[in-house]
Amino acid sequence: MKKSDSARTDADLSRIGSRKSSAAKRSIAGKSSAGAIAMVVLLGFYSFAQPRLNERFGWDLPELRTNDSARVSVNSTTDIDTAPQNQSRPSTTSISTEKSSSPKPSQPTAIKKDSSKDESAKPGESERALGPLADRMSPTKSSSTVSTAKSEPDASVDELLYGLLREVSPRNYLSPSGLQYTPGSAEGHRLEHLRRHTEDDPSRQGSHGVFDGEMEGALKTIEKAYQRAKSGQRTTKTTDQGRTIYTVDMGSRVGYVGGRDGNRKRKPMARRVRLVLEGNRVITAYPM
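Per full-length UniProt numbering, the very first residue in the sequence shown carries number 1; after that it's consecutive.
Put into structure tokens, the structure is as follows:
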């Protein structure tokens, strides 16, 4: 009985050992076949991407040849054939690798042809994209239009009298705030009367207000005074025979007081403006 039991245990151990060895051989064969498939996939991807990478980045990657791929497939099949079991599987994988690797070299040529067509078509497409108006949109012309646009406001300023007054009718001028300067007074025009308040007259009796800045400065000061008068800012208002008289405190120097009295007092500084209007027509204006 003891001999028969020992014989059975030896048989069981031998069976277990043979099963383990066959399982190990199968795992080795599976790993080798998986490695061959991965190699084939990598070769296929490289043969597909190699021409595009060379064209895009200017590289010089080597091309794969059919003989090299065949050698790789043969080497993979020989490695697989070394396994004692599952000998039929390596043959199918070698056939599939040869089939998949053989047509691959033809694909880069097709890709190169397509890329050459695309490159040859790009100049024409760029010309079509520009269109017939490309000459009109040149940088020189666009810059010239910008320069002319900038020069237009300068030309309009040059047309204004004293850089401020716009002639709305013959000898009638309108200021930006709406004041009108029209013919009238002993001088023949309200502007000529206003000009007398840009220079001192020491022989004149009493006081004589003189604006700083000649005619341009006088007109700008009158504009500011009128805007303050309309808002009621530090302004006193009276009326006399249909005329409105504003006395506006400007808060800073706008001129000086001349004439006999002013020169006697050494031309004191003027901070206020007397503005006499008839509607929106300027009758007179002077500092005080």
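We put the beta carbon where it would ideally sit given N, CA and C, even for glycine.
Span of the alpha helix (DSSP H) around residue i
{"i": "residue 261", "result": "259-264"}
{"i": "residue 192", "result": "190-195"}
Coil, strand or helix - residue i by DSSP
{"i": "residue 227", "result": "helix"}
{"i": "residue 250", "result": "coil"}
{"i": "residue 209", "result": "strand"}
{"i": "residue 42", "result": "helix"}
{"i": "residue 204", "result": "coil"}
{"i": "residue 34", "result": "helix"}
{"i": "residue 329", "result": "This structure gives no information on residue 329, because the portion of the chain shown stretches from 1 to 288."}
{"i": "residue 63", "result": "coil"}
Within 8 Å, strictly: CB atoms of residue i and residue j
{"i": "residue 282", "j": "residue 250", "result": "no"}
{"i": "residue 261", "j": "residue 207", "result": "yes"}
{"i": "residue 257", "j": "residue 267", "result": "yes"}
{"i": "residue 285", "j": "residue 276", "result": "yes"}
{"i": "residue 166", "j": "residue 179", "result": "no"}
Boundaries of the beta strand (DSSP E) in which residue i is found, first to last residue
{"i": "residue 237", "result": "235-240"}
{"i": "residue 173", "result": "172-174"}
{"i": "residue 169", "result": "166-169"}
Separation of residue j from residue i, as counted between CA atoms
{"i": "residue 43", "j": "residue 49", "result": "10 Å"}
{"i": "residue 160", "j": "residue 172", "result": "12 Å"}
{"i": "residue 263", "j": "residue 182", "result": "32 Å"}
{"i": "residue 224", "j": "residue 235", "result": "12 Å"}
{"i": "residue 209", "j": "residue 193", "result": "13 Å"}
{"i": "residue 105", "j": "residue 45", "result": "Any reading at residue 105 needs caution, since the residue's pLDDT is 45, under 50, leaving its predicted position unreliable; the model's value is listed next. Near 11 Å, if we compare the C-alpha coordinates of residue 45 and residue 105."}
{"i": "residue 287", "j": "residue 218", "result": "9 Å"}
{"i": "residue 170", "j": "residue 188", "result": "14 Å"}
{"i": "residue 198", "j": "residue 168", "result": "25 Å"}
{"i": "residue 163", "j": "residue 238", "result": "31 Å"}
{"i": "residue 177", "j": "residue 204", "result": "32 Å"}
{"i": "residue 279", "j": "residue 246", "result": "12 Å"}
{"i": "residue 195", "j": "residue 252", "result": "22 Å"}
{"i": "residue 35", "j": "residue 47", "result": "18 Å"}
{"i": "residue 243", "j": "residue 226", "result": "14 Å"}
{"i": "residue 231", "j": "residue 222", "result": "14 Å"}
Residue i - partner residues in DSSP beta bridges
{"i": "residue 180", "result": "174 and 281"}
{"i": "residue 255", "result": "211 and 270"}
{"i": "residue 340", "result": "Outside the shown range of the chain, which is 1 to 288, sits residue 340, and nothing can be said about it."}
{"i": "residue 286", "result": "274"}
{"i": "residue 160", "result": "Answer is none; residue 160 lacks a bridge partner."}
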